[in-house]
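Going down the list, the sequences are from chains A and B.
For the first sequence, numbering that gives the first Met the number 0 gives the first residue as 0, with consecutive numbering after it.
For the second sequence, numbering that gives the first Met the number 0 gives the first residue as 0, with consecutive numbering after it.
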Amino acid sequence: MSKTARRAPSSAAARLSRACSHRWSVPGLCLLAGLVFLGIGLAQHDLGLGIAGLIVMLVYGLVLMAFRTRSETIGLLGSGDHVDERRASIQVKASAMTGQVLSAVLAGGALAAIALDSDYTTILCGLCLLGGATYVVSTAVYARRG
Amino acid sequence: MRNDVRELRQRLGLSQAALGTLLGVSRQTIIAIENGRYDPSLPLAITIARHFQTTVEEVFHVEDSTAGA
């Protein structure tokens, strides 16, 4: 067996070890978001909203933790696997799809806001500008990188 | 793209999970590759071929009729 092939298992183990560090990132974010909800609820004197937000986020985080090994989809939602190339590809495609849907909704919303002379016109047009500029810049960057 | 990963894996008596661990990918990715649902990247294809002590061409077979042209 070649030297590279012999090195592969230890390299794979190191990558898997790094992946484990990402395991807690999303549940941790869920907890943080829940605490933010609670803080907002307390600040607005709406304890019900705060507690409801905290519970929803905690339940979501617990579901991600409990079923991450039983369902690949939940595992992907919960850990953000950066090791497995297929899973990374799935996440890139899902992110691209999300971006396309958000872009379409934003563009439609901006057009509707302009047509209705809404107060949200500036915000929606600003978000469209940000989205378009991000697309142009990222295209240029990735084109240069090859 | 058709491939012989399943046959090569079974010849070594490895489970899909064990091969995934050895290659640093998930069991589901091995299943997807074996079923032809996912074409691995060139680095992973080379790693797979080296693991089975063969070449990429021996493991993966392009079905396109123009491939040999």
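Idealized CB from N, CA, C, for every residue including glycine.
Run through DSSP, which three-state label would residue i get?
{"i": "B/H50", "result": "helix"}
{"i": "A/F36", "result": "helix"}
{"i": "B/R1", "result": "strand"}
{"i": "A/G165", "result": "The displayed coordinates of chain A run from 0 to 145. Any statement about residue 165 of chain A would go beyond what the structure contains."}
{"i": "B/R8", "result": "helix"}
{"i": "A/V55", "result": "helix"}
{"i": "A/P26", "result": "helix"}
{"i": "B/P42", "result": "helix"}
On the DSSP letters alone, give me the boundaries of the alpha helix (DSSP H) that residue i sits inside.
{"i": "A/R86", "result": "E84 to L115"}
{"i": "B/T28", "result": "R26 to E33"}
{"i": "B/Q15", "result": "Q15 to L22"}
{"i": "B/E57", "result": "V55 to V58"}
{"i": "A/G74", "result": "E71 to S78"}
{"i": "A/R143", "result": "T120 to R144"}
Have a look at residue i and residue j and give me their C-alpha separation to the nearest angstrom.
{"i": "A/C127", "j": "A/Y119", "result": "12 angstroms"}
{"i": "B/S25", "j": "B/G19", "result": "5 angstroms"}
{"i": "B/V58", "j": "B/R5", "result": "10 angstroms"}
{"i": "A/C124", "j": "A/A132", "result": "12 angstroms"}
{"i": "A/R143", "j": "A/V136", "result": "11 angstroms"}
{"i": "A/G38", "j": "A/K92", "result": "34 angstroms"}
{"i": "B/S14", "j": "B/I30", "result": "10 angstroms"}
{"i": "B/R10", "j": "A/S78", "result": "33 angstroms"}
{"i": "A/W23", "j": "A/L30", "result": "10 angstroms"}
{"i": "B/G23", "j": "B/P42", "result": "12 angstroms"}
{"i": "B/A44", "j": "A/A87", "result": "16 angstroms"}
{"i": "A/V35", "j": "A/L41", "result": "10 angstroms"}
{"i": "A/G74", "j": "B/Q52", "result": "32 angstroms"}
{"i": "B/V61", "j": "A/A112", "result": "51 angstroms"}
{"i": "B/G12", "j": "A/L28", "result": "41 angstroms"}
{"i": "A/L46", "j": "A/I54", "result": "12 angstroms"}
{"i": "A/A51", "j": "A/P26", "result": "17 angstroms"}
{"i": "B/Y37", "j": "A/I89", "result": "11 angstroms"}
{"i": "B/A48", "j": "A/A32", "result": "45 angstroms"}
{"i": "A/L61", "j": "A/V82", "result": "23 angstroms"}
{"i": "A/S117", "j": "A/A106", "result": "14 angstroms"}
{"i": "B/A16", "j": "A/A95", "result": "29 angstroms"}
{"i": "A/V58", "j": "B/R1", "result": "42 angstroms"}
Please list, in chain order, the chain D residues whose beta carbon lies closer than 8 angstroms to that of residue i.
{"i": "B/L43", "result": "Absent from the structure: chain D. Protein chains present are A and B."}
Name the residues in the stretch 83-104 of chain A whose C-beta lies less than 7 angstroms from a C-beta of chain B; which are they? Among the residues of the stretch 83-104 of chain A, those with a Cβ less than 7 angstroms away from any Cβ of chain B are D83, E84, R85 and R86, in the order of the chain.
Which residues, taken in chain order from the stretch 3-29 of chain B, show a beta carbon closer than 8 angstroms to some beta carbon of chain A? Answer set for the stretch 3-29 of chain B: T20, L21, L22, G23, V24, S25, Q27 and T28.
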